[in-house]
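Sequential numbering of the sequence shown, starting at 852, is according to the working numbering.
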Amino acid sequence: MSKLPYTVRYTGGFHDRKPAGQIHYLSHTWTIDGQASYDFSFVAPVENQPVAGYSKDAKDMSSGKDGGLTMSADAQSSSYGQRVLNGTTITLGCDNITGEDPPKSFGFGGNTTGYPGFLYDATGRFVYVQLTKKF
């Protein structure tokens, strides 16, 4: 199962004062964040005509000749890669996809960062990868 969520954020413009006292307008900005994820969860096949008395629950597994539990036919026939990846989700995401810088602002002459810190941060574009495994 794959997902492609995204977020579009709009920040309205406002008036700011330059250090010399002139008032200027900071225009609005649009920011787009997105991510793509894929879930490697495999479902065991379902029988069309189940056999009466056949064990369908993991707690009902029978013992083998050596006294250990025997694996079901589905578990034996599935590939090693499928068993390892089962329950794994990988996500790739990007905040501020377009890489827009915050607008230049002087903060009434006292802002040393050069952008309105109450609305923006200095991170810029941020790309991340997340790997989640459920046991």
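Backbone N, C-alpha and C fix where the C-beta goes; we use that ideal spot for every residue, glycine too.
{"Item": "Does the Cβ of F957 have 16 or more other Cβ atoms within 10 Å, making it buried, or fewer, making it exposed?", "Value": "buried"}
{"Item": "If you follow the beta strand (DSSP E) that R868 is in, where does it begin and where does it stop?", "Value": "865-868"}
{"Item": "How would you call D952, buried or exposed, if buried means at least 16 neighbouring beta carbons within 10 angstroms?", "Value": "exposed"}
{"Item": "Nearest CA to the CA of R976: which residue from D884, T880, F969, G863?", "Value": "D884"}
{"Item": "Classify Y971 as buried or exposed, calling it buried when 16 or more other Cβ atoms lie within 10 Å of its own Cβ.", "Value": "buried"}
{"Item": "DSSP three-state call for F894: helix, strand or coil?", "Value": "Note that residue 894 is Val in the sequence shown here, rather than Phe. V894 falls in the coil class under three-state DSSP."}
{"Item": "Does the distance from the C-beta atom of Y979 to that of T942 stay below 9 Å?", "Value": "yes"}
{"Item": "Any C-beta of chain C sitting closer than 9 Å to the C-beta of T974?", "Value": "No chain C appears in this structure, which consists of one protein chain only."}
{"Item": "Which term fits K854, buried or exposed, when burial requires 16 or more other beta carbons within 10 angstroms of its beta carbon?", "Value": "exposed"}
{"Item": "Assign L877 to one of two classes, buried (16 or more other C-beta atoms within 10 Å of its C-beta) or exposed (fewer than that).", "Value": "buried"}
{"Item": "Starting from the C-beta of T964, find all residues in its chain whose C-beta is less than 6 Å away, skip the five residues before and the five after it, and write them out in chain order.", "Value": "none"}
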